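Residue numbers (the numbering used here): 50 to 279.
Glycine included, every Cβ here is placed at the ideal spot set by N, Cα and C.
Bear in mind that the values here come from a model prediction, so they are computed numbers and not experimental data.
This is the structure in structure tokens:
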């Protein structure tokens, strides 16, 4: 095939394509004119029918949209309610747990308080028992001391009772006791008598009183006899 033949073939194809394009354009233009003429040819009745149809379709579409929206909202609402319910249950469980812990701590504090009260009462009772025992011991000690003192006081009394007037006179003579020879004042005598009575009431014996006051036994016995007679 020569170059000339190839060029003629290409030119023929181009002409065929151009002719097809122009033919399609003329056809589309004719269709548009037919549609325009058909629309113009429609009367008002047909327009009303078309309008009603469109309104019905729009209404159906809106209702379907509303129903779908409501369903979606209900679904979302139910999910939110369930989530809130679960969250509230968790909160209630935590509150219940905290309440149980508080009650446990409160009971434990009450037990500690009761235990402390019991220990305090026991210690107080022990203290009272100790004080009572101590008082009993003191009373017993005082009783024993008083018994000892009474016995000591009784002994000088027995000694005094065992000395008759003659023996007292002999003891006084043996000690060369004489009011004329002694130069004691009335005040000194009174002091000696008070000291003798004081020692006698303390449970001292005649011998101990005589040694303490540097006096004779006869003088001590004489003073005690006078005290007993009075």
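Per DSSP, the unbroken alpha helix (DSSP H) holding residue 262 starts and ends at 255-262. Cβ contact annotation for residue 161 (same chain, cutoff 6 Å, sequence separation greater than five): none. One thing to note: residue 272 has its Cβ no nearer than 8 Å to the Cβ of residue 255.
Taking a 10 Å sphere around the C-beta of residue 248, we find 16 or more other C-beta atoms and assign the residue as buried. By the Cβ-count criterion, residue 266 is buried, with 16 or more other Cβ atoms from all chains shown falling within 10 Å of its own Cβ. For the pair residue 148 and residue 138, the Cα-to-Cα distance works out to about 15 Å.
Per DSSP, reduced to three states, the secondary structure at residue 265 is coil, with no helix or strand assignment. For the pair residue 106 and residue 122, the Cα-to-Cα distance works out to about 24 Å. Taking the Cα of residue 275 as reference, the smallest distance to any Cα among 257, 130 and 242 is reached at 242. A straight line joining the alpha-carbon of residue 179 with that of residue 146 spans about 49 Å.
Note on residue 132: under 16 other CB atoms within 10 angstroms of its CB, so exposed under the neighbour-count rule. When rounded, the separation of the alpha-carbon atoms in residue 170 and residue 181 is 16 Å. Residue 119 and residue 104 have their C-alpha atoms roughly 22 Å apart.
C-alpha of residue 155 to C-alpha of residue 172: approximately 25 Å in a straight line.
Residue 243 sits in a helix when the DSSP states are folded into three classes. Shown here, residue 251 sits in coil according to DSSP, grouped into three states, outside any helix or strand. The C-alpha of residue 245 lies about 7 Å from the C-alpha of residue 258. 250 is the residue among 263, 250 and 264 whose C-alpha sits nearest the C-alpha of residue 277. Here the alpha carbon of residue 99 sits roughly 14 Å from the alpha carbon of residue 108.
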